[in-house]
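J.: Let me give you the structure first, and then I'll get to my questions.
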Amino acid sequence: MKRSWLADYSWAFITAQNAMLCMAKNALHKPTSDGHAATQALWESRHRESMSLNEAADLCRRCHRMAPFCFYNGNTFAAVMRDVVSSLSLPADQGFILRSLAGHIVAGVATEEEVRAFREFSDGL
């Protein structure tokens with residue numbers, strides 16, 4: 446099922462999410478000179494598009510890799526995907542597993558098996 450999964454998450458929201466994560470860990474919240482503008486442009490051009498849940502996770506993973514902020518890029522975009530998965534009406538145990546898978550995919554640490562399982566779930570929506 447394709448849907449605008451990320452439409453509610455503006456770049457201002459992404460920036461605020463990163464600022465909160467940095468504040469909680471007493472880390473510097475600052476845009477990077479190399480990745481910020483390009484990531485913002487990518488996000489703003491794509492986040493409202495209709496896409497599969499798997500494509501939404503991939504967009505978040507790509508944005509994490511582009512490193513728009515000095516710290517907690519993975520946590521910022523993984524939190525968005527976990528929130529998206531939380532919006533699904535899933536049994537508690539399945540929701541927990543899918544939030545974890547989504548976070549691993551965005552962070553780039555998911556195994557091929559985990560990516561395949563998430564893709565299969567996404568395709569089944």
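Residue numbers for the sequence shown, in our numbering: 446 to 570. No residue lacks a Cβ here, since even glycine has one placed at the ideal position from N, Cα and C.
1. Based on Cα-Cα distance, which residue from K447, P536 and A502 lies nearest to V551?
2. With respect to the alpha helix (DSSP H) encompassing M526, which residues constitute its N-terminal and C-terminal limits?
3. Please name the residue in K475, L535, Q539 and E565 whose C-alpha comes closest to that of A461.
4. Under 6 Å Cβ to Cβ from L473, same chain only, skipping five residues before and after it: list those, please.
5. Using the Cα positions of A486 and R493, report the straight-line distance between them to the nearest angstrom.
6. Helix or strand or just coil, what does DSSP make of R448?
T.: According to the structure data:
1. A502
2. N518 to S531
3. K475
4. C515
5. 13 Å
6. strand
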